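Residue numbers (the working numbering): 1 to 288. Every residue, glycine too, gets a C-beta built ideally from N, C-alpha and C. In this text the structure is predicted, and so the values were computed from the model without any measurement. Below you'll find the structure, written out as structure tokens, and then a few comments.
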Amino acid sequence: MSIEFEQVTKRYGSTTALDGISLTLEQGHIYGLLGNNGAGKSTLLSILTDRQVADSGEIRVDGQPTHNNNNALKNLFLVGEQDLFPTGLKVERAFRVTADFYPDFDMDYALALAKKFELPMKKKLNALSTGYGSIFRLILGLSVNAPYVFFDEPVLGLDARHRELFYQSLAEKFSVSEGTYLLSTHLIAEAENLIDHTIIIHQGRLLCDGPTDALLDQVYSLSGPAAAVDSAMAGKDVLSIQSLGGLKTVAIQGTPALDLPSELAAGRLGLQDYFIALQEFQEKTRTF
């Protein structure tokens with residue numbers, strides 16, 4: 001099973017939110033969907049789950065178009081910032097309603113997670129704090145057992161302990177399930193150890209799509225005295241430059257030379273630093 005995006009485009013008046021997005025989501029991965037505010041991440045997920053309609057292009061789940069197709073949509077579950085339940089519904093009842101629509105929903109697991117997260121089961125959904133509202137939705141996503149689960153800014157309003165608990169729970173769930181998960185998040189450094197495939201969109205267009213390790217193997221940082229860095233980066237594909245006093249650090253597309261001068265240090269970029277470097281490069285070159 002796979003999800004295929006074929007030239008998906010969405011406009012709001014004169015603004016192009018998505019511009020010809022084509023990509024494939026395969027089973028058995030934790031994807032990271034990254035982009036600045038307004039890049040089109042939420043629009044992409046909303047169209048994928050048929051909450052909005054694309055102006056052109058098509059999304060298919062295992063070859064079936066998703067638009068107005070419950071047979072395809074039943075394989076997808078979106079954890080967003082809003083509940084689609086009646087606001088007066090209590091947490092425990094909302095779990096049971098979800099189980100009515102998703103027969104693979106694991107009620108025992110959901111109740112165990114609720115205890116672990118200290119989610120008040122007898123409270124009405126509209127009485128939950130922002131953080132506990134997020135926890136409620138996260139538990140749904142972890143318990144629903146749909147083939148594809150998408151988390152849109154999943155840790156909104158969560159404290160550090162609960163954020164770490166979510167990441168741990170997702171890693172444990174992924175290790176024992178056949179599901180595919182996607183995280184759309186701004187907290188890249190916190191989630192990057194989970195993300196094995198990275199998708200980056202910029203101003204509605206696909207900027208980068210590939211296995212995370214392979215992407216990071218194609219870029220490195222170089223730091224040291226400014227003059228030595230300037231000399232070493234000549235002719236290289238420089239993504240970003242940072243200067244502090246007489247020192248300079250640059251992110252370079254490629255692999256470092258084996259015979260670097262002793263005053264220079266080459267290092268591996270983390271996913272967040274790579275993302276920031278790409279954004280700076282796009283702003284500098286105005287490619288999009």
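{"Check": "Stretch-stretch touch, CB-based, cutoff 8 Å, three pairs: the stretch 246-253 with the stretch 208-217", "Outcome": "no"}
{"Check": "The stretch 69-87 contacting the stretch 11-24, beta-carbon criterion three pairs below 8 Å", "Outcome": "no"}
{"Check": "CA-to-CA distance, Gly32 to Ser175, given in whole angstroms", "Outcome": "17 Å"}
{"Check": "Whole-angstrom distance between Gly35 and Glu4, CA atom to CA atom", "Outcome": "20 Å"}
{"Check": "Within the stretch 4-51, ranges of the beta strand (DSSP E) (whole runs, at least 3 residues)", "Outcome": "15-26, 30-34"}
{"Check": "Cβ of Ala189 within 8 Å of any chain D Cβ", "Outcome": "Structure shown: chain D not included; a single protein chain is present."}
{"Check": "Any 3 or more C-beta pairs closer than 8 Å across the stretch 114-134 and the stretch 89-100", "Outcome": "yes"}
{"Check": "Start-to-end residues for the beta strand (DSSP E) that takes in His202", "Outcome": "197-202"}
{"Check": "Start-to-end residues for the beta strand (DSSP E) that takes in Gln82", "Outcome": "Careful: Gln82 lies outside any beta strand (DSSP E) and carries neither H nor E."}
{"Check": "N-terminal and C-terminal residue of the beta strand (DSSP E) that Glu58 is part of", "Outcome": "56-61"}
{"Check": "His202 burial status per 10 Å Cβ neighbour count (16 or more: buried)", "Outcome": "buried"}
{"Check": "Buried or exposed (CB count within 10 angstroms, at least 16 for buried), Asp152", "Outcome": "buried"}
{"Check": "Reduced DSSP category for Ala232 - H, G, I as helix; E, B as strand; rest coil", "Outcome": "helix"}
{"Check": "N-terminal and C-terminal residue of the alpha helix (DSSP H) that Tyr181 is part of", "Outcome": "Counting along the chain, Tyr181 falls outside any alpha helix (DSSP H), though it belongs to the beta strand (DSSP E) covering 180-184."}
{"Check": "Where Tyr109 sits in the DSSP three-state scheme", "Outcome": "helix"}
{"Check": "Asp159 burial status per 10 Å Cβ neighbour count (16 or more: buried)", "Outcome": "exposed"}
{"Check": "Per-residue DSSP class, three states only, for Gln168", "Outcome": "helix"}
{"Check": "Sequence-distant residues of its chain with Cβ nearer than 7 Å to Ala99 (five each side left out)", "Outcome": "Phe105, Met107"}
{"Check": "Chain-order list of residues whose beta-carbon lies under 6 Å from that of Glu58 (same chain, five-residue window excluded)", "Outcome": "Glu6, Pro65"}
{"Check": "DSSP-derived helix/strand/coil call for Asp217", "Outcome": "coil"}
{"Check": "Sequence-distant residues of its chain with Cβ nearer than 8 Å to Pro256 (five each side left out)", "Outcome": "Tyr220, Leu222, Ala266"}
{"Check": "Cβ distance (whole Å) where Tyr102 is taken to contact Ala146 below 8 Å", "Outcome": "6 Å"}
{"Check": "CB contact flag (Leu293, Thr180, <8 Å)", "Outcome": "With the chain covering 1 to 288 only, the question about residue 293 has no answer from this structure."}
{"Check": "Proximal residues to Arg60 (C-beta, below 6 Å), its chain only, five neighbours per side dropped", "Outcome": "Glu4"}
{"Check": "Chain-order list of residues whose beta-carbon lies under 8 Å from that of Glu263 (same chain, five-residue window excluded)", "Outcome": "Gly224, Pro225, Ala228"}
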